[in-house]
Amino acid sequence: MEVLVLSCGMGGGHNSAGLAVAEELRRRGHDVTFMNAFDLKDSKTASRVNNAYIGIAQRVPWLFGAIYFLGEAYRHLPVKSPIYWANGKMVGYMKALLDEHHFDAIVASHTFPAQTLTQMKREGAALPRTFFVATDYVCTPFEEETDCDYTVIPSPELEGEFCRYGLEKDRLLPFGIPVHPEFAGDTTREEARGRLGWDPDSFVVLLSGGSIGAGQISTAIKLLRPFLAGDSRRKLVVICGNNRKLFEKLSRSCAGCGQITLVEKTERMADFVHGCNVFVTKPGGLSSTEAAAAGVPLIHISPIPGCESHNFRFFADRGMSIGVKHLRRELLPAVEAVRDPAVASRMREAQRTVLNRFSTSRLCGFIEETVEKEEKPKTAASS
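Quick note: the sequence shown uses my numbering, first residue 189, plus one each step.
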């Protein structure tokens, strides 16, 4: 089977979800092409889109709230959004790729390439089976403008919401957000710490602002210093992601503190998550799902206004995380709370109950079954 997986570099979560699907399909013996959809035009376009997103998220996150509000407003208009028509301009580039290469299925882990596929479908293009993967715990604006054969949603609890925006229930796949098997596996804390060289007896707080290093990371570090001062075995590991300026700033402000470890972007995030005692992070859909799949106590801070606000509420309302709304008042009490084994155990149980940590395998199995059913009639007809 030949599969095309399309992502978009607007945040690492979309890439991570797409790569999780790609790697699982390869493990099953299929040929997979993974790419940023905007690279079909040129690498400069992809870079401009990616950098624009990162710049807004790091410096003016409130602007996302304004964009999200505008997206909600467009839902009530009888016209397609400017976003849809902008992505429709990618049809020619996508068509050229599909004319040159045969694919049995296409998976889009971002709304933008899913909108391009939708426009192609409306223009009468012959497409293989198409799958759109939603990576936030809400039907975000513009997702209702997609018309793929199937839409993978994060939870069965969200079926009603997606249907309210016009998606057909029988084409919703409530499998969960795809995560890499490294997060969903049975890695123990001891095994992860052994690979990372961490003290097996330390209490490790992992702090991250996602792949782009967004959120109130500097403030969170200041607030956690009294916690570190209470015991030399307490450690703080900070993932700065692609935010080089944040890494340089923290290197200066945290110099001389042996209990704080700074890390730039890493390919070993699964080990960091499995190895920590508590994960403090902004509520990205993918990173939150990875933590839940790993069964790690989770504290959410600093949601980027919009879809992350919905992720924040979805996890906190179901006991899968502690949602910190007021950093200065609530962060330290939240960290102290998850030190209680009973609190941590209840949170892990909620994560296991609400989310499917084997979502990637289930989706890839469904893709295989769908393509196989379509190939059988063709084989029978040719014989």
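Where a beta carbon is used, it is the ideal one built from N, C-alpha and C, also for glycine.
**Message:** Short of 8 Å in beta carbon distance, which residues of its chain neighbour E379, apart from the five on each side in sequence? Order them along the chain.
**Reply:** Within the same chain, H462 come within 8 Å of E379 by CB-CB distance, once the 5 residues on both sides are set aside.
**Asked** For T334, which residues does DSSP report across the bridge?
**Response** Residue pairing of T334 in beta bridges, as defined by DSSP: absent, with no partner found.
**Prompt:** Do A408 and L394 come within 8 Å of each other at the CB atom, strictly closer than that value?
**Reply:** Going by beta carbons, L394 and A408 fall outside the 8 Å limit.
**Prompt:** Of the choices Y272, R440, T304, L424, whose alpha-carbon is the least far from that of M278?
**Reply:** Among Y272, R440, T304, L424, the Cα nearest to that of M278 belongs to T304.
**Message:** Taking the beta carbon of A417 as the centre, do at least 16 other beta carbons fall within 10 Å, making it buried, or is it exposed?
**Reply:** Exposure of A417 is indicated by the presence of fewer than 16 other C-beta atoms within 10 angstroms of its C-beta.
**Request:** Flag this pair as yes or no: are the beta carbons of R359 and Y338 separated by less than 8 Å?
**Result:** Between R359 and Y338, the gap from beta carbon to beta carbon is short of 8 Å.
**Asked** In chain order, what residues of the same chain lie with their CB nearer than 6 Å to the CB of N275, ignoring the 5 residues before and after it?
**Response** Excluding sequence neighbours, N275 sits near F300, Q303, T304.
**Request:** Determine, using beta carbons only, whether G483 and F500 come nearer to each other than 8 Å.
**Result:** Taking a C-beta distance under 8 Å as the contact criterion, G483 and F500 do not qualify as a contact pair.
**Prompt:** Can you give, in chain order, each stretch of the beta strand (DSSP E) that sits fully within the segment 299 to 352 and has at least 3 residues?
**Reply:** If we require 3 residues or more, the beta strand (DSSP E) runs fully inside the segment 299 to 352 come out as 317 to 321, 338 to 340.
**Asked** If you draw a straight line from the alpha carbon of A322 to that of E331, how long is it in whole angstroms?
**Response** Straight-line Cα distance between these residues: approximately 8 Å.
**Asked** Which partner residues of I427 appear in the DSSP bridge assignment?
**Response** Beta-bridge pairing links I427 to S396, V451.
**Request:** Drop a sphere of 10 angstroms on the beta-carbon of K561, count the other beta-carbons inside from all chains shown, and report buried for 16 or more, exposed for fewer.
**Result:** Exposed.
**Request:** Report yes or no: do three or more beta-carbon pairs, one from the segment 361 to 374 and one from the segment 540 to 557, lie closer than 8 Å?
**Result:** When Cβ pairs closer than 8 Å are counted between the two stretches, the segment 361 to 374 is seen to touch the segment 540 to 557, the count reaching three or more.
**Asked** For D389, which of T375, R421, G397 has the nearest alpha-carbon?
**Response** Residue R421 holds the alpha-carbon nearest to the alpha-carbon of D389 among T375, R421, G397.
**Asked** From this set, A481, P471, Y272, E518, which residue's C-alpha is nearest L543's C-alpha?
**Response** Here the closest residue by C-alpha is A481.
**Message:** Given a cut-off of 8 Å on the beta-carbon distance, is the pair P471 and E496 in contact?
**Reply:** Between P471 and E496, the CB-CB gap stays under 8 Å.
**Prompt:** In chain order, what residues of the same chain lie with their CB nearer than 6 Å to the CB of G553, ignoring the 5 residues before and after it?
**Reply:** Answer for G553: no residue qualifies.
**Request:** Measuring only between beta-carbons, confirm whether G382 sits less than 8 Å from chain B.
**Result:** Structure shown: chain B not included; a single protein chain is present.
**Asked** Ordered along the chain, which non-local residues of its own chain (more than five positions away) have a Cβ less than 6 Å from that of S297?
**Response** These residues qualify, in order along the chain: S195, H202, A205, G206, V321.
**Prompt:** Closest by CA to R540, which one among F503, V559, T558?
**Reply:** Closest option to R540, Cα to Cα, is F503.
**Item:** Enclosing beta strand (DSSP E) for H488 [first to last residue]
**Value:** H488 -> beta strand (DSSP E) spans 486 to 488.
**Bridge-paired residues (DSSP) for M223** = Residue pairing by DSSP places M223 opposite L194 in a beta bridge.
**Request:** Assuming V220 contacts L228 (C-beta within less than 8 Å), just tell me the rounded distance between them.
**Result:** Your pair V220 and L228 does not check out as a contact, with CB atoms roughly 16 Å apart and the cut at 8 Å.
**Asked** Excluding the five sequence neighbours on either side, which residues of its own chain have a C-beta within less than 6 Å of the C-beta of L575, listed in chain order?
**Response** What is shown of the chain runs 189 to 571, which leaves residue 575 out entirely.
**Asked** Can you give, in chain order, each stretch of the alpha helix (DSSP H) that sits fully within the segment 486 to 555 and has at least 4 residues?
**Response** As summarised for the segment 486 to 555, the continuous alpha helix (DSSP H) elements at least 4 residues long and confined to that stretch are 495 to 505, 515 to 526, 529 to 542, given in chain order.
**Item:** Cβ distance (whole Å) where V425 is taken to contact F291 below 8 Å
**Value:** With 8 Å as the limit, V425 and F291 do not qualify as a contact, their Cβ atoms being about 40 Å apart.
**Asked** With burial defined as no fewer than 16 other Cβ atoms inside 10 Å of the residue's Cβ, what is the status of H514: buried or exposed?
**Response** Classification of H514: exposed, given that the 10 Å Cβ count is below 16.
**Asked** If you drop the 5 nearest sequence neighbours on each side, which residues of the same chain put their C-beta closer than 6 Å to that of I427?
**Response** For I427, where only same-chain residues beyond five positions count, the Cβ hits under 6 Å are S396, V451.
**Request:** Indicate the three-state DSSP secondary structure (helix, strand or coil) for T375 in the structure shown.
**Result:** In the structure shown, T375 sits in coil (DSSP, three-state: anything other than H, G, I, E or B).
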